[in-house]
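Trainee:
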Amino acid sequence: MKSPRNRVKKKTKLPQATGETFSMCIPPPNVTGSLHIGHALTVAIQDALVRWHRMCGDQVLWVPGSDHAGIATQAVVEKQLWKERGVRRHELSREEFLREVWKWKEEKGGEISEQLQALGASLDWDRECFTMDAGSSVAVTEAFVRLYEAGLLYRGQQLVNWSCALRSAISDIEVESRPLPGRTELRLPGCPSPVSFGLLVSVAFPVDGEPGEDAEVVVGTTRPETLPGDVAVAVHPEDSRYMHLHGRQLRHPLTGQLLPLITDSAVQPHVGTGAVKVTPAHSPADAELGARHSLSPLSVIAEDGTMTSLCGDWLQGLHRFVAREKIMSALRERGLFRGIQNHPMVLPICSRSGDVVEYLLKSQWFVRCQEMGDRAAQAVESGALELSPSFHQKNWQHWFSQIGDWCVSRQLWWGHQIPAYLVVEGHVKGDKGDCWVVGRTEAEARKIAAELTGKPGAELTLQRDPDVLDTWFSSALFPFAALGWPQETPDLARFYPLSLLETGSDLLLFWVGRMVMLGTQLTGQLPFSKVLLHSMVRDRQGRKMSKSLGNVLDPRDIIHGVDLQVLQTKLRDGNLDSTELAIATAAQRKDFPHGIPECGTDALRFALCSHGALGGDLNLSVSEVLSSRHFCNKIWNALRFMLNALGEKFVPQPVEELSPSSPMDAWILSRLAHTAQECERGFLARELSLITHALHHFWLHNLCDVYLEAIKPVLSHSPHPPDPLQVLFSCADVGLRLLAPLMPFLAEELWQRLPPRPGGSSAPSICVAPYPTAHSLEHWRQPELEQHFSRVQEAVQALRALRATYQLTKARPRVLLQSSEPGEQGLFEAFLEPLGTLGRCGVMGLLPPGVAAPSGWAQTPLSDTTQVYMELQGLVDPQTHLSLLAARRHKLQKQLDGLMAWTPSEGEAETKRQQRLSSLQLDLSKLDKAASHLRQLMDACPGPGEL
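Structure follows, in C-alpha cells:
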C-alpha cells in the first residue's frame, strides 16, 4: 500500500484552508544509527499532529533531517576501514578519511529515511537536511564567528570531560554517572585486565620534620593513580585534629617533595579522615580549590590514558590503571599504605566508548553560557516558552541555574572544522600567549591577523585549528539552518509555533536548551513557543531499552514481523561482548520464542499513541501492538460489511441534510459527534491517548458491537431502507477521517473505496480531506438520548447474562420488561426492536405496571423500578439444568472457600482478593436464583392464558 502522502500534490490550496501555519522539525537522529521504539513514539506523535493540522487546513511544514554524529560516525568508519582494509585513520590524510566517511554516509546512511517512511511519516522530504551539508556548514561557521565577535566564545585552558578511548573531549550529556555500591570490577577499553572501583585507599603523607608514625596526615582516595599529580593536602580550618599542623608541610608519599597543608572551608571534616589530597589537573572540585589557593596544576595523565613524564620514568607510558597497581605496591613498600575498604561512589563513564572519563586540563574553545542561559530560564518563567507537561519546568530552571561554560572543541576529523586560526609567527608585541583569529574564511581570518600584528597578511603563517565543533553545536542550529539562516532570517514565531518531541529526558533538555540559547542570541527570537516532552518507552517489564538486555526493537520488525533467528543474528552482528550477548540472546528467546508477528504500521502507531505519553514512562509490549492489529482487522471487516450494504448504486447525502429517522440512527450519530468532540479535545491538548480511547470506543463498542448488530435485521429487508444506509455512510466517512492522523494507511485504503459524493467535490486523499470538528457535527449531538440508551444497554447485558446462566445458546426466548416509572417504560418502548436483537431474544414486550409476573419465567432486576422477565418454558429442561447448575455452584464455592482461607494481606493484592470474593459471591447468588426458577418450572407449567 502506498503512503497516503504520495497521493496529493504539494502546495495545493485546500477548500478548508485557514491561513494558519503549523511547523516542526524532526529531532535529527544520528546518521549512524537506526530508529528504535522511542523514536517511533516521537514519529507517531509528530505525524499525528502534522496530519491533523493538514486536514484542518493549516499550512504545514515538517522538516526531516539527520545528525552527522561526529564521534559515532567516525568510530564506525574507522572500524570498517580496519576490518576491510587493515588501515588505521592516521595512516590516511584528513581529506582521504573524510572521503571515506562521505562514501559510507551515501551507502549506509539511508536506513533512517527508510524507517521513517515505513512509519508513514508525512515529512517534507524535499526539505531534508543533514547537519554536514553546505547550508548547515554556513550556519555553523556564521554562528561561531558571531558568538566570538560578541565575546560569548573564547579559547581557554580548563578541565574538560575527556574520553581516553576516543582521545577527545566529550559533552556533559555523554558522561554517564554510574553509581557503585562498593567494590565493582569493570572491563575497560585498552586495559589488559578488569579494574576494581568502589574502593577507598588510605595513604599517609608524613609531616615534614616530625619523625614517628603519629606525625602524618592520612587521606582517602578512590583514584590512587592521580597521586603523582597531588600538589597539596587540604583540611577544614576548624577541624581540631589538624589545627596544630596549620602552615606545616607534608612529604609526598611517592616523590618525597614538600606539599603545603592548606585550610579550606569546602573540605568536609566528617567525611573520611577529614583530609583530602588536592589534584587540580584531574578533578573539577580540586581545580576550584587550587585556584583559590594559587596552586599550580600537574597533568599526570595523557590524552591516551597513559601516565605522563611528570610521573617519572617508573610510571611514564603505563596505562593509568596499570600504574594504579604499581603505585599501590610502592606505597606498601614504603610503609605509607594505611588500608583499603569498600566505598560507595559514582563513577563517570563515557557513554560512547564505555571508558572511565578523565578530567584533563586542555586548551579548548568555550561558549559563555551564563547570560544566554539566564534568558532561556526567563523565557520559561515569563511564559514566552511553554514546556509541556509543566513539571519539566523545574528541571529546566535547575539545569540553567547550574550551567557552566560549554566546551565545543572535539578532537575528531568528522565534523565542522573550527573556523579559528593560530598565527604561527608575527605575534603582537608583548603578547606571551598564542594568537588566535576567527573568520568565516581563511582570507577573512588573514585580514584580521594582519590588523592585529601590523604585518601584511600575505607574510603571515596561519594554522587552522584541527579540531571540529561539538555535534550538539550544529544540532542546536538545525531549525535555523533548515529554514535558510543566515542567508535568510526565518520568522520562527510563525514557522515554529510548536517544536520538538523526544524522550522526556536530560538529553532533550540539553539539546533544546542549547537551541534556545543560540536561537535567541543569533536571531533575537525564540526558535519556538512550546516544547512538548513525551515519555520514555520501556519494555513490558518496565526496563529501559538496551541492546545488552536484548529488548531494543527495530520498528520495522514489529511492522513486518520477524523470526527469532533473525533477531538473534542482529544481536550477533552488533558490538556486544560475549557476556552481554549471552544475556541478550537468552532474553530474546524468552520474550519472543516464536519471533514477532506482523502487526503493521497503523497498529504500531495506534498502540504507541494510546498511552498517556505526557506522564510517566511508557511500558510497551508486542501483545499490545498485536491487539491494535486486531482492532484494525475489526475496522476492515466493519467497512466490508458497510460497503456491501451500501451497494454500487448508493449516492451519499450531504452531511448537513442527514436527519436520522430512528432512535438507533440518532444514537450512533450522536456518539459519532461526541467522538469528534473528544478527538478535537485530545489534539488541542496534545494528549493523543484521549483520541485513541475515543476512536477505539466508537469503532468497537458503539459501531461494531451495537449499531451494526442492531440494524442487521433492518438491512435484511429488500430493498434496504434509505435512512440507515445514509447513516452507515456517514459513520464510515467521518469515522475514517477521525482515524486518519493515527492510522493513515488503513484510513486511506478504506476511504478511497467509499462511494463518491455527487459533484466530484471530494478531496483526492483522506490526508487533505477536512477533519471533522465538534462544531460541524453539533446538530447530531443528543446527550439525553445517549443517557437513555445506556439504560437499554444495561438491559441488553442483563438479558445476555440470563441467557448464559440458563445456557440458551440458540433459543430466542420471549422477554417482558416492567417498570413502575412511566418515563422509563416509554424509554424501553422506543428501543424494543434493537433491544431484542442485541439481547439475542425473540418477541419483546412491555408488562404494564402492577400486572403480575408470568409464573416460572426467569427474573432479574435492572433497578429498583424495573424488572426483566425471560420465558424458559419449553426452552430449558429443568432437571438437566439443575444438575449443571449444581456442578457450577460446587466449582465456584470451592474457589470461594479457597480465597476465604487465605491470610489477609495488604495493598493491591488484598484489594484484588476482595474484588474476586465479591465477584464469586455475586455469581453464586445468580446461580441460586436460577436454580429457584428451574424448580418453579418443575412444579408448575403456566399456560398461554396466564400471559
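Counted the way our numbering counts, the sequence shown spans residues 45 to 991. Don't be surprised by glycine CBs; every beta carbon is placed ideally from N, CA and C. No experiment lies behind these values; they were computed from the predicted model shown.
Exposed or buried, which one is G563 when buried takes at least 16 other CB atoms within 10 Å?
Mentor: Flag for G563 reads buried.
Trainee: Go through its chain and collect everything with a Cβ distance to E229's Cβ below 6 Å, but skip five positions before and after it.
Mentor: Within the same chain, E229 has close Cβ partners P238, S240.
Trainee: Quick check on the burial criterion: 16 or more other C-beta atoms within 10 angstroms. Buried or exposed for H832?
Mentor: It is buried - the Cβ of H832 has at least 16 other Cβ atoms within 10 Å.
Trainee: Return the Cβ separation of E830 and W711 in integer angstroms, given the expectation that the two are a contact with Cβ distance under 8 Å.
Mentor: Sure, about 6 Å apart at Cβ, within 8 Å.
Trainee: Would you call the segment 164-184 and the segment 367-387 in contact, with 3 or more CB pairs under 8 Å?
Mentor: No: fewer than three Cβ pairs fall under 8 Å.
Trainee: Is the beta carbon of L93 closer than 9 Å to that of P785?
Mentor: Their beta carbons are under 9 Å apart, which means P785 touches L93 by this criterion.
Trainee: Checking 9 Å against the spacing of the C-beta atoms, do G356 and A276 come in under that value?
Mentor: Not closer than 9 Å, so no.
Trainee: Assuming L429 and A325 make a contact with CB atoms under 8 Å, what is their CB distance in whole Å?
Mentor: In fact, because the Cβ distance is near 39 Å, the residues do not count as touching under 8 Å.
Trainee: Would you check if the distance between the CB atom of I70 and the CB atom of L160 is smaller than 9 Å?
Mentor: Yes, Cβ-Cβ distance for I70 and L160 is below 9 Å.
Trainee: Give me the residue from L362, F773, C723 with the minimum Cα distance to E692.
Mentor: The residue with the shortest Cα to Cα distance from E692 is F773.
Trainee: Looking at the structure shown, is C394 part of a helix, part of a strand, or coil, going by DSSP?
Mentor: Strand, per DSSP.
Trainee: Measure the beta-carbon distance from W824 to L716 and round it to whole angstroms, keeping in mind my assumption that it falls under 8 Å.
Mentor: Right, the Cβ-Cβ distance comes to about 7 Å (below 8 Å), so this counts as a contact.
Trainee: Assuming N386 is part of the beta strand (DSSP E), what are its boundary residues?
Mentor: Unbroken beta strand (DSSP E) run through N386: 381-386.
Trainee: Could you tell me the alpha carbon to alpha carbon distance between T1047 and A61, rounded to whole angstroms?
Mentor: Residue 1047 falls outside the range modelled here, since the chain spans only 45 to 991, and no answer is possible.
Trainee: When you compare the CB positions of A113 and V75, do they come within less than 9 Å of one another, or not?
Mentor: In this structure, V75 lies closer than 9 Å to A113 by Cβ.
Trainee: So, at 6 Å on beta carbons, what are the nonlocal neighbours of H97 in its own chain, with the 5 sequence-adjacent residues on each side left out?
Mentor: Same-chain partners within the cutoff: F66, V104.
Trainee: Give the single residue among L882, T117, G154, K973 whose Cα lies nearest to the Cα of R143.
Mentor: When only C-alpha atoms are compared, the closest one is T117.
Trainee: Does the segment 846-863 touch the segment 741-751, meaning 3 or more C-beta pairs lie closer than 8 Å?
Mentor: The segment 741-751 is not in contact with the segment 846-863.
Trainee: What are the complete alpha helix (DSSP H) segments, minimum 4 residues, inside the segment 278-321?
Mentor: Entirely contained in the segment 278-321, not one alpha helix (DSSP H) run reaches 4 residues.
Trainee: For R285, which residues from the same chain have a beta carbon less than 7 Å from its beta carbon, with the 5 sequence-adjacent residues on both sides left out?
Mentor: Answer for R285: G318, listed in chain order.
Trainee: Buried or exposed: which applies to M982, given that a residue is buried once 16 or more other Cβ atoms fall within 10 Å of its Cβ?
Mentor: Burial call: exposed.
Trainee: For the ligand MG, any of its heavy atoms closer than 8 Å to the Cβ of P324?
Mentor: This structure does not include the ligand MG; it has no bound ligands of any sort.
Trainee: Please state if the CB of V840 and the CB of L876 are separated by a distance shorter than 9 Å.
Mentor: In this structure, V840 does not lie closer than 9 Å to L876 by Cβ.
Trainee: Return helix, strand or coil for L544, following the three-state DSSP convention.
Mentor: The predicted model places L544 with a pLDDT of 42, which falls under 50 and marks its position as unreliable; any figure quoted below should be read in that light. Coil.
Trainee: On the three-state DSSP scale, how would you describe P14?
Mentor: Nothing can be reported for residue 14: it is not among the residues displayed for the chain, which extend from 45 to 991.
Trainee: Report the CB separation of L456 from Q507 in whole angstroms; it is logged as a contact under 8 Å.
Mentor: The pair is not a contact, with the Cβ atoms about 18 Å apart (cut-off 8 Å).
Trainee: Which stretch, first to last residue, makes up the alpha helix (DSSP H) that contains F188?
Mentor: Here the alpha helix (DSSP H) through F188 covers 178-193.
Trainee: Going along the chain, which unbroken runs of the alpha helix (DSSP H) with 4 or more residues stay wholly within the segment 425-471?
Mentor: You should have 436-445.
Trainee: Using the Cα positions of V262 and S309, report the straight-line distance between them to the nearest angstrom.
Mentor: C-alpha separation (whole angstroms): 19 Å.
Trainee: Please work out which residues of its chain come closer than 7 Å, Cβ to Cβ, to D972, disregarding the five sequence neighbours upstream and downstream, and give them in chain order.
Mentor: Within the same chain, D972 has no close Cβ partners at all.
Trainee: In the DSSP assignment, the alpha helix (DSSP H) including A367 goes from what residue to what residue?
Mentor: Counting along the chain, the alpha helix (DSSP H) containing A367 begins and ends at 364-377.
Trainee: How long is the line joining the alpha carbons of G803 and F694, rounded to whole angstroms?
Mentor: If you take the alpha carbons of G803 and F694, they lie about 14 Å apart.
Trainee: Alpha carbon to alpha carbon, how far is K970 from Q980? Give it in angstroms, no decimals.
Mentor: C-alpha separation (whole angstroms): 15 Å.
Trainee: CB-CB under 7 Å to E150, same chain, minus the five flanking residues each way: which ones, in chain order?
Mentor: Closer than 7 Å at the Cβ level, and outside the excluded window around E150, lies no residue.
Trainee: Only counting the same chain, and skipping five residues up and downstream in sequence, which positions put a Cβ closer than 6 Å to that of R295?
Mentor: So the list reads P250, D252, once near-sequence residues are dropped.
Trainee: Applying the 10 Å Cβ sphere with the 16-neighbour rule, what's the burial state of K321?
Mentor: Answer is buried; the Cβ neighbour count reaches 16.
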